[in-house]
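> My questions all concern the structure below.
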Ligand SMILES: [Zn+2]
């Protein structure tokens, strides 16, 4: 009876197209949200923009919209209700993967284990399920939901973890028929490959909004990159030789592995080779080119990145040099990030220059490039030999990064303890924390540095940027984070007054704040976090409004905002609570009363809770243990 009364159907994705959104999707970030949640939501949007055509834009009076707010728990209604709807990012929900999970509900996706065919893949242990929660493990027929012609995905961000709704945390409620996947279900890192596929199929996407180009050089067509015909030498498309492991290659894949190579050990000094991209058509004005490179030849060899722009006549020939890398004695793979701006069509170029062939036994290597319409990370830290440290380092070893500077000018650093801390509860995890460092701008900056967001990312080095499932965590600096042994001074005060002097940088470092279980050793080894044994960490320290300026495109001009809200607050609070349109439903589901097992359904404007077939969306935070900690010196 319930099923037929609903026009709203479920399996892993709603079949009824009435509940699909028109793109772009208007959003409101309500005042009630924590500052950290606002920053995390904006980062989650970027995840959608990178992987699909699903775009979010600040609310400007539309009938349908998603209002993000802080209520009890993390939950969402499913599909576009056509009347504006709430999505709660409650306490403890301000993690990118959880926000992505809730947005996917709002876009029309349900939990993976509700699929009709799930019994072929997982077993539900009904006697371990909490009383009155069995409905969370219901499955649904094909007439309700569509699987969008994708197979069951253990790695989906929409899958429950093993102990969801369990009576006792030692008893699994859901196990996988192939045992290897028991450690994978419930992952809350990022979209899985199938999640991306389904999202793109449901919303008929033909391209990503912000990923302009990428190449792992595995295919002979070089992803459309071409050699410039006039140069003296050439970039070779090379396959791995035994002693040359390329960057794409994973240890277990002996066959794969191509890269571009410019041999600088022959020919003459000054010979050049140019590798040029196809013509690219940007939609934003800022770009980040990321690639891996290695220079094993003369220290005088050079690798430069150039941009070729429209010269004003429609011809792409105006050259601008963006960045030059010079050879040195470090012959390892490195990661490069090059920021540039360009509003119209352009090409990017790799320009290799031979320094001194008599002094070279190698050349210049390029692999795994990604060009996205995003800002490059402010801090990039590559820790060599990290795989080895995981097994051989002493259990209390911690490593401190060089000093980085935020966009505002604050000095900061990262500390990593590969094997966690001595406390056995944290064994088998890597601990990562953030600290402020004294720097050249300290005399002019605001202290303490409050209400800034720290984001730390351990990079999944999958060559395909869409498929990266990096581990990302954020917190926002506030007045509660203090040094108890220093009269409760703020942790974000001046490092020259509060920190410890470090002779290696000739600077002072404050004590850190971070996560004792940032990432498990098992996860580090499972995905591409440790290519060539190296770990790569990105870090940001930014005012959240500052990022909004960066985010703003045409859609953020004051003209598109309600007239009484103009300027830079637009992206955050384009509407205050009292300004909500009168069409906003204030019926049963606002705030959601269905938190104890029901879901809020909207049947042609009739909003109601459904229990027997429902799922409890506020219980989506599962198996995420984020232990904040203080590191005392
Ligand atoms: Zn959920």
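In UniProt numbering, the protein residues as written are 1 to 633. Where is the CB? At the ideal position from N, CA and C, for every residue including glycine.
#1: Assign residue 262 to buried or exposed, taking buried as 16 or more other Cβ atoms, counted over all protein chains shown, within 10 Å of its Cβ.
#2: Would you check if there are 3 or more beta carbon pairs closer than 8 Å linking the segment 481-497 to the segment 135-149?
#3: Out of curiosity, what's the CA-to-CA distance linking residue 439 and residue 451?
#4: At what residues does the beta strand (DSSP E) containing residue 372 begin and finish?
#5: Since residue 459 and residue 418 should fall inside the 8 Å C-beta cutoff, what is the C-beta to C-beta distance between them, to a whole number of angstroms?
#6: Can you have a look at residue 392 and say buried or exposed, based on whether 16 or more other CB atoms are within 10 angstroms of its CB?
#7: State buried or exposed for residue 495, treating a residue as buried only when at least 16 other CB atoms are found within 10 Å of its CB.
#8: Do residue 379 and residue 538 have their CB atoms nearer than 9 Å?
#9: Taking the straight line between their C-alpha atoms, what separation do you get for residue 517 and residue 525?
#10: Only counting the same chain, and skipping five residues up and downstream in sequence, which positions put a Cβ closer than 6 Å to that of residue 340?
#11: Would DSSP call residue 253 helix, strand or coil?
#12: Compare the Cα-Cα distances from residue 124 to each of 182, 72, 294 and report the closest residue.
#13: So, at 6 Å on beta carbons, what are the nonlocal neighbours of residue 448 in its own chain, with the 5 sequence-adjacent residues on each side left out?
#14: Measuring CA to CA, which of 25, 414, 31, 41 is closest to residue 62?
#15: State yes or no: is the C-beta of residue 276 nearer than 8 Å to some heavy atom of ligand 1?
#16: Work out the CA separation of residue 353 and residue 32 for me, nearest whole Å.
#17: Quick test of the definition: if touching needs 3 or more C-beta pairs under 8 Å, does the segment 182-192 touch the segment 214-224?
#18: Compare the Cα-Cα distances from residue 512 to each of 384, 498, 330, 272 and report the closest residue.
#19: Have a look at residue 600 and residue 77 and give me their C-alpha separation to the nearest angstrom.
#20: Which runs of the alpha helix (DSSP H) spanning at least 4 residues fall entirely within the segment 162-203, listed in chain order?
#21: For residue 484, name the three-state secondary structure that DSSP assigns.
#22: Need the endpoints of the beta strand (DSSP E) that residue 287 sits in, please.
#23: Report whether the distance from the Cβ of residue 102 to the nearest heavy atom of ligand 1 is below 8 Å.
#24: Should residue 158 be listed as close to ligand 1, given that the test is whether its C-beta is under 8 Å from any heavy atom?
#25: For residue 215, I'd like the list of residues in its chain whose CB is within less than 6 Å of its CB, leaving aside the five on either flank, ordered along the chain.
#26: Could you check if residue 111 belongs to the surroundings of ligand 1, using beta carbon to heavy atom distance under 8 Å?
#27: Would the C-beta of residue 105 count as close to ligand 1, meaning under 8 Å from any of its heavy atoms?
#28: Just mark residue 21 as buried or exposed, buried being the case when its beta carbon has 16 or more other beta carbons within 10 Å.
#29: Kindly confirm or deny that the segment 116-130 and the segment 39-59 touch, where touching means at least three C-beta pairs closer than 8 Å.
#30: If residue 384 and residue 505 are in contact, beta carbons under 8 Å, what's the gap, nearest whole angstrom?
#31: Specify the secondary structure class of residue 524 as computed by DSSP and reduced to three states.
#32: With a Cβ-Cβ cutoff of 9 Å, do residue 349 and residue 276 count as a contact?
#33: Please check the pair residue 209 and residue 55, which I expect to be a contact at CB under 8 Å, by giving their CB distance rounded to whole angstroms.
#34: Can you pull the DSSP bridge partners for residue 469?
#35: Could you check if residue 475 is buried or exposed, using at least 16 other CB atoms within 10 Å of its CB as the buried criterion?
Considering the structure as presented:
#1: Answer is buried; the Cβ neighbour count reaches 16.
#2: no
#3: 19 Å
#4: 363-372
#5: Actually they are not in contact, since the Cβ atoms of residue 459 and residue 418 sit about 16 Å apart, beyond 8 Å.
#6: exposed
#7: buried
#8: Cβ distance < 9 Å, so residue 379 and residue 538 count as in contact.
#9: 15 Å
#10: 287, 307, 322
#11: Interpretation of residue 253 is limited by its pLDDT of 35, a score under 50 that renders its predicted location unreliable; the figure taken from the coordinates is listed afterwards. Looking at residue 253 - three-state DSSP - the assignment turns out to be coil, as it is neither helix nor strand.
#12: 182
#13: 490, 492, 493
#14: 25
#15: no
#16: 56 Å
#17: no
#18: 498
#19: With a pLDDT of 41 at residue 600, under the threshold of 50, the modelled position of that residue is not reliable, and the figure given next carries that caveat. Rounded to the nearest angstrom, the two C-alpha atoms are 6 Å apart.
#20: Listed in chain order, the complete alpha helix (DSSP H) runs (minimum 4 residues) inside the segment 162-203 are 193-202.
#21: helix
#22: 286-295
#23: yes
#24: yes
#25: 223, 369
#26: yes
#27: yes
#28: buried
#29: no
#30: Contact flag wrong, Cβ pair sits at about 19 Å.
#31: helix
#32: yes
#33: 6 Å
#34: In DSSP, residue 469 forms no bridge with anything.
#35: buried
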